[in-house]
Amino acid sequence: MDRLPGALGTSASLALRLGQAIFSIASIFFMCLDIEFYSYTAFCFLVTIMGLVIPWSLMLALVDAYSVFFKRPSCQPGVMSVIVVGDWVLSFLSLAAACSTASITDFLLTSPTFCHAKLCTRYQLSAAVTFLSWFLSFASSLFNLWLLASP
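Take any residue in the sequence shown, count from 1 to its spot, add 956: that is its number in the working numbering.
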């Protein structure tokens, strides 16, 4: 059977992992440009989850790069199970962080006394790139789940 594009050990998976890391770094960057984000639990949750996604994505990007450049795919069932579970957990936590950040930002935009326009724009950008990171993470987890279930 041919390798599924996007599954662990392929160049598509390497691109997905690097995209996750880049969007997660951008999310933290836009959120942390201002000190006021500590006032809201949802924003702290976003920074915490993106802080977990970055090393996870970079570690798996290194595994993918090794597999791509040295042509040694690692598809052991135990390792794949850990990767699938980690991807699913971080994917749903990323979605929760993105949704909570977007809802708090929307609430802050409707009441102009809480948030300046420039500050709320940064929070919106942070939520948007978190959704992009979640999309890539979810796609990667689906590809790896498919690979785990295939013989």
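Even glycine gets a Cβ: it sits at the ideal position worked out from N, Cα and C.
Alpha carbon to alpha carbon, how far is M957 from S1106? Taking the sequence shown and counting its residues from 1, the one referred to as residue 957 is at position 1. Taking the sequence shown and counting its residues from 1, the one referred to as residue 1106 is at position 150. Confidence at M957 is low in this model, with a pLDDT of 43, below 50, so its placement is unreliable and no value can be given for it.
CB contact flag (L1002, T1057, <8 Å): Working through the sequence shown from its first residue, we reach residue 1002 at position 46. Working through the sequence shown from its first residue, we reach residue 1057 at position 101. Yes. Within cutoff.
Decide yes or no for the touch test of the stretch 1010-1018 against the stretch 969-987: beta carbon pairs closer than 8 Å, at least 3 of them. yes
Just the Cα atoms here: how many angstroms apart are V935 and I978? Past the edges of the chain, shown from 957 to 1107, lies residue 935, and the structure says nothing about it.
From L1081, F1048, D1043, S1050, residue whose alpha carbon lies closest to that of T1061: Within the sequence shown, the letter at position 105 stands for residue 1061. Minimum Cα distance to T1061 is reached at L1081.
How big is the Cα-Cα spacing for E992 and F1070? As a first step, residue 992 must be located in the sequence shown, where it is residue number 36. As a first step, residue 1070 must be located in the sequence shown, where it is residue number 114. Their backbone Cα atoms lie some 11 Å apart in a straight line.
Rounded to a whole number of angstroms, what is the C-alpha to C-alpha distance between T1066 and S1059? Locating residue 1066 in the sequence shown gives position 110, counting from the first residue. Locating residue 1059 in the sequence shown gives position 103, counting from the first residue. Going by the C-alpha atoms only, they are around 11 Å apart.
Skipping 5 residues on each side, what residues in its chain have a beta carbon closer than 7 Å to that of S980? Within the sequence shown, residue 980 is the residue found at index 24, counting from 1. Only M1006, V1009, I1010, S1013, S1089 meet the Cβ criterion.
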